[in-house]
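> In my numbering, the protein residues as written are 3 to 118. Take a look at this one; I'll ask things after.
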């Protein structure tokens, strides 16, 4: 599936869930790893606010991309943010959605467009 780059330069992104290991298999507790590097993956919950609309999303980040100083409720930046549509069949039911991934999550600032 195609990877779509997300221009978040004008958006305000607030951390809603602290970074946590991304679980690959809930039954075994196996942590998801990057297919290319083998590095452990983390997820963070954010609210993405742009042009007066907001969405709660989960973003996958490599463990080395999780920066110190993150505070729930504070603005963050997500460099290299991409969206990847996905679909699968589970127990005979088709599921689909959008997976988000970034190269890092770091403390950010409120967007000037949103501050005015």
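The beta carbon of each residue, even a glycine, is placed where N, CA and C say it ideally should be.
Cβ of residue 60 within 6 Å of any heavy atom in the ligand HEM?
Judged by which ligands are present, the structure shown has none, so any question about the ligand HEM falls away.
> Could you round the C-beta distance between residue 34 and residue 48 to whole angstroms and report it? I think they count as a contact, below 8 Å.
No, residue 34 and residue 48 are not in contact; Cβ-Cβ is about 18 Å, not under 8 Å.
> Taking the Cβ atom as the reference point for each residue, do residue 84 and residue 97 lie within a distance shorter than 7 Å?
no
> Should the segment 85 to 94 be called in touch with the segment 10 to 20, which here means at least 3 C-beta pairs below 8 Å?
Because the criterion of three Cβ pairs below 8 Å is not met, the segment 85 to 94 and the segment 10 to 20 do not touch.
> The beta strand (DSSP E) spanning residue 1 covers which residue range?
Here the chain comprises residues numbered 3 to 118, so residue 1 is not present and cannot be evaluated.
> What first and last residue would you give for the beta strand (DSSP E) that runs through residue 1?
Since the first residue of the chain shown is 3 and the last is 118, residue 1 is not available in this structure.
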